[in-house]
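In our numbering, the protein residues as written are 3 to 226.
Shown next as structure tokens:
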């Protein structure tokens, strides 16, 4: 009797383990790679999947949603030999789970390294003024190059944003001085315009008052 209970319990346990290894549920917006005896077998979409226990293996799930990754600021040399620090944000999405798994070891790290290289190539052909005023065109150039390069990894780059462009401290100081000078100049012009307008209004008021007095004197003379 005792042996029968142990045997049944053992069978139930083994069956439970086999069942647990055979049934997999892939969440929405995820994909799974199934390997059979170490080789690629198929891609699993969202939903219930049945695996062959001890023969099939489900690799870590891949998020198929658009993702955002922000890379640390990178020092980049412009065409006029100034070092600027650029902070980049990439919006990307996995489109082919198989390629993202087998074509590169770590596609996020690959995107980061490719972004750094591409950023240096693009910005290296522009002077500082062009870098500061051509952010949209730089974003478009980066996105085009990155999307072409990451296509073989099963990754699509949807958007690239230069979050911050920081010139050297000396250049920033010069820019701030120029901005202050421009503000002071505008303030001086506005003050002068205000004073001029005030003088015009005062003179116009005096002229109107003189006219009214003259008209009043004329009417008084007629009445007398």
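Even glycine gets a Cβ: it sits at the ideal position worked out from N, Cα and C.
Quantities reported herein were computed from a predicted structural model and do not represent experimental measurements.
- Contact between the region 160–168 and the region 87–100 is present: three or more C-beta pairs spanning the two stretches fall below 8 angstroms.
- In this structure, residue 85 sits away from residue 75, with a CB-CB distance that is not shorter than 8 angstroms.
- Inclusion of residue 151 and residue 116 in the CB contact set at 8 angstroms is warranted, their separation being smaller than that value.
- Sixteen is the threshold: since fewer than 16 other Cβ atoms of the shown chains lie within 10 Å of the Cβ of residue 15, the residue is exposed.
- Here the alpha carbon of residue 124 sits roughly 8 angstroms from the alpha carbon of residue 143.
- Here DSSP, grouped into helix, strand and coil, assigns residue 129 to coil.
- In the DSSP assignment, residue 41 falls within the beta strand (DSSP E) that extends over 41–46.
- Partner residues in the beta bridge of residue 37, as assigned by DSSP, are 42 and 59.
- Residues of the same chain with a CB within less than 6 angstroms of the CB of residue 59, apart from the 5 flanking positions on each side, are 37 in chain order.
- Only residues of its own chain outside the window of five on either side were considered, and among them 64, 96, 109, 155, 156 and 157 have a CB closer than 8 angstroms to the CB of residue 102, listed in chain order.
- Between the alpha carbons of residue 106 and residue 52 lies a gap of roughly 27 angstroms.
- Note that the C-beta distance between residue 133 and residue 79 is not below 8 angstroms.
- Cα atoms of residue 149 and residue 111: separation of roughly 15 angstroms, rounded to the nearest angstrom.
- For residue 101, no beta strand (DSSP E) encloses it; the enclosing alpha helix (DSSP H) starts and ends at 99–104.
- Counting only the Cα atoms, residue 66 lies some 14 angstroms from residue 49.
- In the DSSP assignment, residue 144 falls within the unbroken alpha helix (DSSP H) covering 137–152.
- A Cβ-Cβ separation of about 7 angstroms places residue 35 in contact with residue 100 under the 8 angstroms criterion.
- Here the C-alpha atom of residue 71 lies approximately 11 angstroms from the C-alpha atom of residue 89.
- Assignment of residue 95 by DSSP, reduced to helix, strand and coil, places it in the strand class.
- Looking at the DSSP output, residue 163 bridges to 91.
- In this structure, residue 126 places its C-beta atom within 8 angstroms of the C-beta atom of residue 81.
- Beyond the five residues adjoining it in sequence on each side, residue 46 comes within less than 8 angstroms, by CB distance, of 26, 28, 33, 34, 35, 36 and 60 in the same chain, given in chain order.
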